[in-house]
């Protein structure tokens, strides 16, 4: 049903066909596969930030299979859109997307978090093709994005800088330095994506350090802001389209409200935690639950 | 103040000022204006990848001279040092070579994690150039970067430079631009003393240079302490003490070969002199090198004490904390008499 959401960027290089079957793949299927890849990686280590991976899978499906330009066989392609993962612990989610996009061979999934793997638990630029920054020390991404966006403008490039970060990172003062700077420099080639899952290490993000009203704040800081249900694929697609098409010389922010564990009902229902507990036997159950949702 | 204060108060002694100084040069000393700004502006004519960035201290790090000549390549980031370092990393990632300036305290202390994670961990080509190194401000600990070398030395991939004078800064700027990777360089700004040209000195990245020889004591120094060491050596001559001065502008990587060769010469006391805390700077770097190599001359260390230093006039503070020419001379004479 989502096949109408083909890439609006006619110069884009996204191949909507499945590598094996040659059939068109819709975004819901991409999101399903990203979730599945993440669960398979979680199973390898018996742990991982699976709650976050499941909540952000829809956003990553839209970023990688609708909105961004890239060439998986050439991760450093100069004309690519840049994707910065500021919240490095979401690496499991990004790897799942990079696997699906063809940056990494499928069999490498089994090395997740192991010695000498290109897929470390926390994302680092030098380890993984398609990983543009070393995140993990939270609050760094948007500052790097400002530099990249300035650099791209210097080069006369039409590439964009997408930066994914989490609501918890809004606690970091440096994030607001970057938010002011992007607006000051009129960086309309910057698209920020905030995952508002309302969960950080010590509890609900809104209770750790109140950041609402987020849309009004960001607008007051000079950004073009949209807030969407980050697990509603058509809404996310529309938000990315609007962010790219917006005519004002402003940086763009997409605030995505998401649900941790999305796609696996028993994990979604589990007590919310930064590091959702998954018992050894539950990984398989989670995969089954995900499959059940796919055919439902 | 009461209205008759001016008529009844006794004449006050004129106090020395703790105000921010524009130049570290002593009276009558030869100087050159803004060597960093002029050299970078000139270098940027041929190196089109160079961009200048600052966190509200362009005028106070001589970067305004670069900005005037290359306004389209100058990024004012506002008073936001973390952003400055992160954005410098982003520009480096896109193929540019940022020279990012601020004060040494703000780079080394406030923005440390940003330098560590966004620049050094990826070995990016960012040059961090920082004014007010060590004890070169009378403002107190907020502006006195007494531990910057220790902090930056501890960071993998980082090259650390502590230049002595204008002559050296002019040569170090193209040298660090020619080096691929992150560099932290201390900066002397404004009218900067000119000393090393008289010694036929040439800066080479990673090289220590013997500026003068002497059989009694070897002073190993960096930054402004090399200027002082040369004065100390001249002063010791009148007491028939022959002092050698080994200038070590590259704190990391250390020129171990030259330091070991000079320190191993028999019968010479080794004195390390640095404008930095005695914790973690050149002194401990040299001491560790000597011990690990089994070279054990009599070793003494001139540096700032491990404490929060006072505010006040710089000459007063340099005397109090033992890095003025007079105090260093006296201490070395004392050690030689032991």
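Protein chains in written order, with our numbering: chain A, 1 to 296; chain B, 1001 to 1338. Where a beta carbon is used, it is the ideal one built from N, C-alpha and C, also for glycine.
- Residue 53 (chain A) carries a helical assignment under DSSP once its states are collapsed to helix, strand and coil.
- Contact between residue 1086 (chain B) and residue 1067 (chain B) does not hold, since their C-beta atoms are separated by about 21 Å, which reaches or exceeds 8 Å.
- Here residue 1142 (chain B) is not bridged, per DSSP, to any residue.
- For residue 1170 (chain B), the enclosing alpha helix (DSSP H) starts and ends at 1166-1178.
- In chain order, 1050, 1173, 1174, 1177 place their CB closer than 8 Å to the CB of residue 1043 (chain B), counting only its own chain and leaving out the 5 sequence neighbours on each side.
- For residue 281 (chain A), not one C-beta of chain B is nearer than 9 Å to its own C-beta.
- When Cβ-Cβ separations below 9 Å define contact, residue 183 (chain A) makes no contact with chain B.
- The beta carbon of residue 146 (chain A) falls within 9 Å of a beta carbon belonging to chain B, placing the residue at that interface.
- For residue 1077 (chain B), the chain A residues whose Cβ falls inside 7 Å of its Cβ are 181, in order along the chain.
- For the pair residue 256 (chain A) and residue 171 (chain A), the CB atoms are not nearer than the 9 Å cut-off.
- Residues of the region 153-165 of chain A with a Cβ closer than 9 Å to any Cβ of chain B, in chain order: 154, 155, 157, 161.
- In the pairwise beta carbon analysis, the region 55-75 of chain A is classified as touching the region 92-111 of chain A: at least three pairs are separated by under 8 Å.
- Boundaries cannot be given for residue 1239 (chain B), as no beta strand (DSSP E) includes it and DSSP labels it neither H nor E.
- Under DSSP, residue 1161 (chain B) takes part in a beta bridge, and its partners are B:1185, B:1250.
- DSSP places residue 1134 (chain B) within a strand segment (E or B) once states are collapsed to three.
- DSSP places residue 1301 (chain B) outside any alpha helix (DSSP H); the residue lies instead in the beta strand (DSSP E), whose first and last residues are 1299-1304.
- Residue pairing from DSSP leaves residue 272 (chain A) without any beta-bridge partner.
- In the three-state scheme derived from DSSP, where H, G and I count as helix and E and B as strand, residue 1032 (chain B) is classed as strand.
- A direct Cα-to-Cα measurement between residue 1266 (chain B) and residue 1231 (chain B) gives close to 24 Å.
- Exposure of residue 1237 (chain B) is indicated by the presence of fewer than 16 other C-beta atoms within 10 angstroms of its C-beta.
- If you look at residue 1054 (chain B), you'll find it in the beta strand (DSSP E) that goes 1050-1054.
- Residue pairing of residue 1098 (chain B) in beta bridges, as defined by DSSP: B:1051.
- Residue state for residue 285 (chain A) is assigned as helix, using DSSP reduced to three classes.
- Beyond the five residues adjoining it in sequence on each side, residue 1215 (chain B) comes within less than 6 Å, by CB distance, of 1242 in the same chain, given in chain order.
- Put simply, the CB of residue 150 (chain A) is near chain B, with a gap under 9 Å to one of its CB atoms.
- Residue 58 (chain A) counts as buried, since at least 16 other C-beta atoms from the protein chains shown sit within 10 angstroms of its C-beta.
- The C-alpha of residue 83 (chain A) lies about 9 Å from the C-alpha of residue 64 (chain A).
- Between residue 221 (chain A) and residue 62 (chain A) the beta-carbon gap is near 24 Å, outside 8 Å, which marks them as no contact.
- A direct Cα-to-Cα measurement between residue 1292 (chain B) and residue 1256 (chain B) gives close to 11 Å.
- At a Cβ-Cβ threshold of 9 Å, residue 49 (chain A) and residue 276 (chain A) count as neighbours.
- By the neighbour-count criterion, in which 16 or more other beta carbons inside 10 Å mark a residue as buried, residue 1059 (chain B) falls on the exposed side.
- Note that the C-beta distance between residue 1046 (chain B) and residue 1105 (chain B) is not below 9 Å.
- DSSP places residue 1273 (chain B) in the uninterrupted beta strand (DSSP E) bounded by 1269-1277.
- Between residue 1101 (chain B) and residue 1055 (chain B), the gap from beta carbon to beta carbon is short of 9 Å.
- Taking a beta-carbon distance threshold of 9 Å, residue 132 (chain A) counts as an interface residue toward chain B.
- With fewer than three CB-CB distances shorter than 8 Å, the region 1195-1209 of chain B does not count as touching the region 1034-1043 of chain B.
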